[in-house]
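Visitor: With numbering that gives the first Met the number 0, the residue at position 49 of the sequence shown is 48, and numbering never jumps. Here a beta-carbon is modelled for each residue, glycine too, at the ideal position from N, C-alpha and C.
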Amino acid sequence: MTDPIVQSAINHLLGCHRRCAHQIRESLDRGGEHATAHHIDTLRDCADLCRLTGDLLDRGSEWAARQCELTARVCTDTAERCDRLGETACATVARSTAAACLALTETVAG
Numbered sequence: 000m001t002d003p004i005v006q007s008a009i010n011h012l013l014g015c016h017r018r019c020a021h022q023i024r025e026s027l028d029r030g031g032e033h034a035t036a037h038h039i040d041t042l043r044d045c046a047d048l049c050r051l052t053g054d055l056l057d058r059g060s061e062w063a064a065r066q067c068e069l070t071a072r073v074c075t076d077t078a079e080r081c082d083r084l085g086e087t088a089c090a091t092v093a094r095s096t097a098a099a100c101l102a103l104t105e106t107v108a109g
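1) Look up Thr115 in the DSSP assignment and say whether it is helix, strand or coil.
2) So, with DSSP's three-state summary, where would you put Gly85?
3) Using the three-state DSSP reduction, which class does Arg58 fall into: helix, strand or coil?
4) Helix, strand or coil, according to DSSP, for Gly30 in the structure here?
5) Under 7 Å Cβ to Cβ from Ser95, same chain only, skipping five residues before and after it: list those, please.
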């Protein structure tokens, strides 16, 4: 049975991966600032890191906790960028994923 904190992080990570992938399509459709290369790259980075980190956690990789720290930073950055563009659903999911990753890393460190 997977630890509840780990399972929560995995669930958040996979949800954030899906939300960011969906946001890429929405942002490209909206155009303008939403479709800049920097914003799309930010969303792709967040989506890819969330998927990778979820996979590492799921298989109990020794690198999972460190990867979770990086992913929390990227999710926080993504949330801030999405907030600035009014992409509130993506910002909310990314922010909660960062919190779930930080909760996991604090548990591992403690």
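Guide: Based on what the coordinates show:
1) Coverage of the chain is limited to positions 0 through 109, which leaves residue 115 absent and any answer about it impossible.
2) Counted from its first residue, the sequence shown places residue 85 at position 86. Three-state DSSP puts Gly85 in coil, outside helix and strand.
3) Counting from 1 along the sequence shown, the entry for residue 58 is found at position 59. Looking at Arg58 - three-state DSSP - the assignment turns out to be coil, as it is neither helix nor strand.
4) Position 31 of the sequence shown, counted from the start, is the residue given in the question as residue 30. Gly30 falls in the coil class under three-state DSSP.
5) The residue labelled residue 95 in the question sits at position 96 within the sequence shown. Residues of the same chain with a CB within less than 7 Å of the CB of Ser95, apart from the 5 flanking positions on each side, are His11 in chain order.
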